[in-house]
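Counting in the numbering used here, the sequence shown runs from 70 upward without gaps.
The C-beta atom is built at its ideal place from N, Cα and C for all residues, glycine as well.
To start, the structure itself, in structure tokens.
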Amino acid sequence: MNRLAGRVCLITGSTGIGAATARRAAEEGGRVYVVSRTADHARGLADEIRAAGGDVDWAAADLTVEAAVTSTVERCVERFGRIDGLFSVAGGSGRRFGDGPIHTVAREAWDRTLELNLTTQALVCRAVVAWMRDQEPNGSGTRGSILLMGSVTATDPAPEYFATHAYAAAKGPITSLMTTMAASYLRDRIRVNAVAPGLTATPMATRAASDPAIRAWAAQRQPLAGELMDPLEVANAAVFLLSDESRAVTGQTLKVDGGWSVASGPLEPAR
């Protein structure tokens, strides 16, 4: 229970997978800095972690704004002295902007969905890498681990239920960004990986969770999860990729999808 002992972990997002990972990182001895657009969410999560004995701080910031990203990362370093791990979780569905099949997507919906899910991650990475490159290596000889948030929908689409083309287009380049960063900062001893979750029980999945047809479909498509995955499944993978247990792993995308990407056709009940 000390895989992140003394390590500083910056986590963007304070609900769902971000919240689950913040809790797990603190349980593993990490010093956690939570960033969210919604101050009440970030404050509430930090209070919960602190009450459980964790070392945590938080900030509210709009990660689509460059100056806000820069100042937030600076405040994390001022508070904890360094950044050993980044899990860039913050993002969300573009349905509220009008995301859907490409023939229906307005330019504004496209731009806002990519800004929320791709540009934010690039801006946070830019600010964090600038700090990581100049800090002393930690005990494992590395300067940091960066973990980006992808989605299984970018590589294994399910158009009958998830025909949100701008969201998929935003998540697809995460693999390219991750791979290029991993190669570029390898000599700096900065590791960069990504996770690509399947359908997970988060606030973003409220629509899916309330639809019996989608739940039945998910039970077949990701049978290892039951129906929707618990965010803790992704958080456990994130802790592994942020910790020294994965110190030789970089440039990889880990699909945490309950079987979504390999399931095909109706599945027989488990025996």
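Within the region 70-110, the runs of alpha helix (DSSP H) that reach at least 4 residues and sit entirely inside it are, in chain order, 85-96.
Taking all protein chains in view, the Cβ of Glu302 is crowded by 16 or more other Cβ atoms within 10 Å, so the residue is classified as buried.
Between the region 110-119 and the region 88-97, the count of Cβ pairs shorter than 8 Å is three or higher; the stretches touch. Contact check for Arg256 against Thr211 fails: the beta carbons are separated by 8 Å or more.
Thr211: not part of any alpha helix (DSSP H); DSSP gives it neither H nor E.
C-alpha of Trp329 to C-alpha of Ala278: approximately 16 Å in a straight line.
Between Gly160 and Glu184, the alpha-carbon positions lie close to 9 Å from each other. A residue is called buried once 16 or more other Cβ atoms fall within 10 Å of its Cβ, and Glu296 is buried on that count.
Secondary structure at Ser315: helix, using DSSP grouped into helix, strand and coil.
Within the region 224-272, the complete alpha helix (DSSP H) segments of 4 residues or longer fall at 234-253, listed in chain order. Closest in C-alpha terms to Tyr230, from the list Ala120, Thr107, Gly327 and Gly169, comes Gly169. Counting along the chain, Val198 sits inside the alpha helix (DSSP H) bounded by residues Thr189 to Asp203.
Per the C-alpha coordinates, the member of Met70, Ser245 and Lys324 positioned closest to Leu268 is Lys324.
The DSSP-derived three-state label of Thr322 is strand. By alpha-carbon distance to Pro266, the top candidate from Ala252, Asp280 and Arg290 is Arg290. Under the DSSP assignment, Asp126 falls in the beta strand (DSSP E) whose first and last residues are Asp124 to Ala129.
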